[in-house]
Structures are given as structure tokens and as C-alpha cells.
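All remarks here apply to the structure that follows.
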Amino acid sequence: MHRNHWYDAGLPNIWLPYAQMKTARPPLPVVRTQGCRIVLADGRELIDGIASWWTACHGYNHPHIRDAVERQLAQMPHVMFGGLVHEQALTLARRLAGLMPADLDRAFFSDSGSVAVEVALKMAVQYWLNRGVRDRVRFVAFKGGYHGDTTGAMAVSDEDGMHGLFRGMLPEHFIVDLPDSEERTVALTLLLERHAANIAGIIVEPLVQGAGGMRMHDAQVLRRLREAADRFDLLLIFDEVFTGFGRTGSMFACEQADVVPDIVTIGKALTGGMLPLAATVARGTIFDAFWSDDPQAALMHGPTFMGNALACAAANASLDLFEREPRLAQVAAISEQMAHELAPCRALAGVKDVRVTGAVGVVELERIDDLDALRARFVEEAVFIRPFGDTVYLTPAFTIEADDLSKLTGAIAKVLSE
Ligand code: PLP
33 MHRNHWYDAG LPNIWLPYAQ MKTARPPLPV VRTQGCRIVL ADGRELIDGI ASWWTACHGY
93 NHPHIRDAVE RQLAQMPHVM FGGLVHEQAL TLARRLAGLM PADLDRAFFS DSGSVAVEVA
153 LKMAVQYWLN RGVRDRVRFV AFKGGYHGDT TGAMAVSDED GMHGLFRGML PEHFIVDLPD
213 SEERTVALTL LLERHAANIA GIIVEPLVQG AGGMRMHDAQ VLRRLREAAD RFDLLLIFDE
273 VFTGFGRTGS MFACEQADVV PDIVTIGKAL TGGMLPLAAT VARGTIFDAF WSDDPQAALM
333 HGPTFMGNAL ACAAANASLD LFEREPRLAQ VAAISEQMAH ELAPCRALAG VKDVRVTGAV
393 GVVELERIDD LDALRARFVE EAVFIRPFGD TVYLTPAFTI EADDLSKLTG AIAKVLSE
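When you read off a place in the sequence shown, starting at 1, and then add 32, the result is the number in the numbering used here.
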């Protein structure tokens, strides 16, 4: 592999995510991205199957988003959000309110999905405190779930997942099975009958649990959760950090269940993957509990870079693209193509399941013994596909050409049959 000076000089000073630094293969030096291509320092081009952790939904370097960010850069890259606001953030908040169902119309901006989840949890707990209800400080969350790497978010993620090590430092919540059967629905009801007085809300990734294993459930599960939340007077939080902005086939996953959650978290594709930005969007009923003459009733949160003007400009430009270009039709086409082209993997030895929802395509294996080797094998095939756990998956940009998508699915079929 061709190495640049900056690579050799800087590598001893970097700490990479989720990586055993001693044994992990050296990371690939990237010098450029364009559309669905990642260009490496040695000139190799990889077709991107992941869209940078599911963010780059219009492909990389989309000129419309780039132009918007450049214009904003010349005018005002950032200004603090305490006591000050600006056009990009207010316009984005208004547009998000228009896109989300019912009265989900109050956006609190932050800089990452994990922080958006932290804010949602605090918002839910303080909602009850502001209404004079104490002790509602715990949450119901689900096995297979993942909500981020900060402590509050870890505590509502599956404890058997990557956060198990930290159990001792985390508040305890109820991590249970999704109500995807009669039996599990009854189990959830029994839990709520016993503990609802201590529970602030239910948090779930709607339709697809992402980083916990790309597990999929149907809309009925979400309707059951809305019913349970209504019956036991709990807030329902949908974490749409992964599923939001078309990934599951509708702009937001909640639309497919015709369910209105009380709080929604979004991030990742909010800026089309150009810049970090997230938001916690609340219904009017939630916001009303904070509307008071009492300063103590205010939401006590405020990330330094919240409402960053460059990021909000990118997000507004990304929403323009959703309006102007047929993104949801593209997702439907990708979905169909992936379902068709990944189906033969079912017959391969070691394959446990093949499933597709929207532009998420998954081949789950019995087990993956050497993740690093498998990842490297995909690079040899000139594709960037990054399996985790037992899961090989595709979450391509919605703008990917059918030929490129075929190369991604073809590489999976080829490598898994070896
Ligand atoms: N929530 C969900 C559903 C996610 O998939 C993720 C990230 O993968 C997060 C929250 C955390 O987002 P971030 O990595 O931006 O903190």
C-alpha cells in the first residue's frame, strides 16, 4: 500500500474507534470522496456500501450541499446559540416541523446522535418533574437496541452489546424483548403494570435496530408500543438517528406505523452526511411542560456547537434535495434490487438470514471468525463494506447507480461463497 508522509507520521498519535489498536489492520488512507466512491491514497477507488455510517444519503460531495456550506462559510460559520439565533437554524427547525407528523414541532439541536438521545432522556424525565411527578426516572428499552456511546445512551442500549463492560457505571433501566409476539406483548404489559410509576418513557429504534445487529421488526410492534405508552401514561421516544431521512423507505420510520411518538431523535443523514448535526424533536405537549415562569423548569442542556450554522445550512440543502429529487423512489428501487440480488446468499453455507428494509440490506452469518480479514477481503474486491458482529450489510447512498449496487451485492455473494 502506498503511504503518505502524513500517514506514517500521524498514525502513532491517533486512537481509532472500536479498534484493538494492537492487532487491527492499518486503516485505509482516504484522499477523496465523490458520489459513491472512496478514493485511497494509492489511487484505488472503492464503491461505498456504507455511506459513512449511514450519513451520506445523497452520495459524497453533493454540489448543492457543498455550495450551501460554502456560502454559509463566507457569511458566518458558527455563532453560539445561547441568546442568539440565525436563519439557517430557524429555517431548519421550521422545515423539520413541517416534515414530521402531528405536533412534533420543537427542535432542540445538538452535535451527535448520542447527545440527541441524552437530551431526549433528560427531556422525558424533566417533563414528569415539571408536572410534579417524581420517581419517573427509568426507561424501557429493547434487546438488540443501540442508542449511542455516551453514558445515558449506553444505559438504554442492549446490555449484551458493546457496552456490557460499563454496566457498573450505568443507571439501570428495563431492557426487554420487543413486543413482536403475543407472548412478548403480555410480558411488556406485566412489566409496566408493576413498574410504570417509576418509568418516564419507552425508547426504541423504529423498524430497524441498527448498530445492535441490523434487526428488523414490523410496524405492528410500534403500534403496540404506542398503545402501551398511552395505557400506562409513558412518553414514547423514537430514535430515528439511523432510520430517519428515507433509510427505511419513508421520510421517517414512524410514518409506516402511523404512530406519533412524543419525542424523536435525528442525526446522521440530517446534513446529508456533510457535517455533524443532530436534533431532539418534541411534541407541543412535551414542550408545554417546560413553558413556565419558573427558571428551574427550563430544559438545562446546551451543547457548545448546537445549531452550528454550517451544519444547519448543509441540512437545509439536504432537505432541498429530498424535495427536488426522487429520493424515496430511489430507496424503493434499491430495496427491490437488494432483495433480489442478496436472496441467493440464503443458499450459501454459514448464512443464517437475509433481510431487507428500505435501503438496508443484511446478510447475517452463523458467525464471523475474523472480521478484519473479511473487511480486507471486500477491499480487495474494490468495495467498502464493513461487517460487524455476525452481520454483513449494505446501507448505500440513495443515489447509487444500479451497476454499482450490483457490484456491492456481487462482492458479498462472491466473498461469502469462498
Ligand atoms: N442512535 C442510533 C439509532 C444510532 O444508530 C446511533 C449511531 O449509530 C446513535 C444513536 C448515536 O449517534 P452518534 O454516533 O452520532 O452519537
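Every residue, glycine too, gets a C-beta built ideally from N, C-alpha and C.
In three-state terms, what does DSSP make of residue i?
{"i": "residue 273", "result": "coil"}
{"i": "residue 194", "result": "coil"}
{"i": "residue 92", "result": "strand"}
{"i": "residue 397", "result": "strand"}
{"i": "residue 137", "result": "strand"}
{"i": "residue 500", "result": "Residue 500 lies beyond the stretch modelled for the chain, which goes from 33 to 450, so this question has no answer here."}
{"i": "residue 420", "result": "strand"}
{"i": "residue 429", "result": "coil"}
{"i": "residue 357", "result": "coil"}
{"i": "residue 233", "result": "strand"}
{"i": "residue 248", "result": "strand"}
{"i": "residue 170", "result": "strand"}
{"i": "residue 487", "result": "Since the first residue of the chain shown is 33 and the last is 450, residue 487 is not available in this structure."}
Between the Cα of residue i and those of the options, spot the shortest distance and give me the residue it belongs to.
{"i": "residue 269", "options": "230, 36, 315", "result": "315"}
{"i": "residue 389", "options": "426, 415, 398", "result": "426"}
{"i": "residue 65", "options": "357, 57, 53, 78", "result": "78"}
{"i": "residue 444", "options": "206, 231, 374, 154", "result": "374"}
{"i": "residue 170", "options": "185, 200, 233", "result": "233"}
{"i": "residue 378", "options": "360, 441, 413, 411", "result": "441"}
{"i": "residue 201", "options": "209, 215, 208, 185", "result": "185"}
{"i": "residue 97", "options": "106, 180, 304", "result": "304"}
{"i": "residue 84", "options": "419, 439, 160", "result": "419"}
{"i": "residue 437", "options": "366, 448, 195", "result": "366"}
{"i": "residue 325", "options": "135, 134, 162, 63", "result": "162"}
So, are the CB atoms of residue i and residue j less than 9 Å apart?
{"i": "residue 309", "j": "residue 143", "result": "yes"}
{"i": "residue 91", "j": "residue 329", "result": "no"}
{"i": "residue 354", "j": "residue 283", "result": "yes"}
{"i": "residue 229", "j": "residue 168", "result": "yes"}
{"i": "residue 423", "j": "residue 245", "result": "yes"}
{"i": "residue 383", "j": "residue 395", "result": "yes"}
{"i": "residue 254", "j": "residue 236", "result": "yes"}
{"i": "residue 152", "j": "residue 271", "result": "yes"}
{"i": "residue 17", "j": "residue 404", "result": "The question about residue 17 has no answer, for the chain in this structure spans 33 to 450."}
{"i": "residue 173", "j": "residue 207", "result": "yes"}
{"i": "residue 89", "j": "residue 277", "result": "yes"}
{"i": "residue 349", "j": "residue 99", "result": "yes"}
{"i": "residue 112", "j": "residue 336", "result": "yes"}
{"i": "residue 141", "j": "residue 340", "result": "yes"}
{"i": "residue 275", "j": "residue 285", "result": "yes"}
{"i": "residue 149", "j": "residue 312", "result": "yes"}
Just mark residue i as buried or exposed, buried being the case when its beta carbon has 16 or more other beta carbons within 10 Å.
{"i": "residue 211", "result": "buried"}
{"i": "residue 347", "result": "buried"}
{"i": "residue 415", "result": "buried"}
{"i": "residue 225", "result": "exposed"}
{"i": "residue 446", "result": "exposed"}
{"i": "residue 332", "result": "exposed"}
{"i": "residue 8", "result": "For residue 8 there is no data in the structure shown, the boundaries of the chain being 33 and 450."}
{"i": "residue 86", "result": "buried"}
{"i": "residue 44", "result": "exposed"}
{"i": "residue 146", "result": "buried"}
{"i": "residue 327", "result": "exposed"}
{"i": "residue 449", "result": "exposed"}
Does the beta carbon of residue i fall short of 8 Å from some heavy atom of ligand 3?
{"i": "residue 166", "result": "Ligand 3 is absent from the structure shown, which contains only ligand 1."}
For a cutoff of 9 Å on Cβ pairs, would you count residue i as touching chain D?
{"i": "residue 370", "result": "Of the protein chains in the structure, only one exists, and it is not chain D."}
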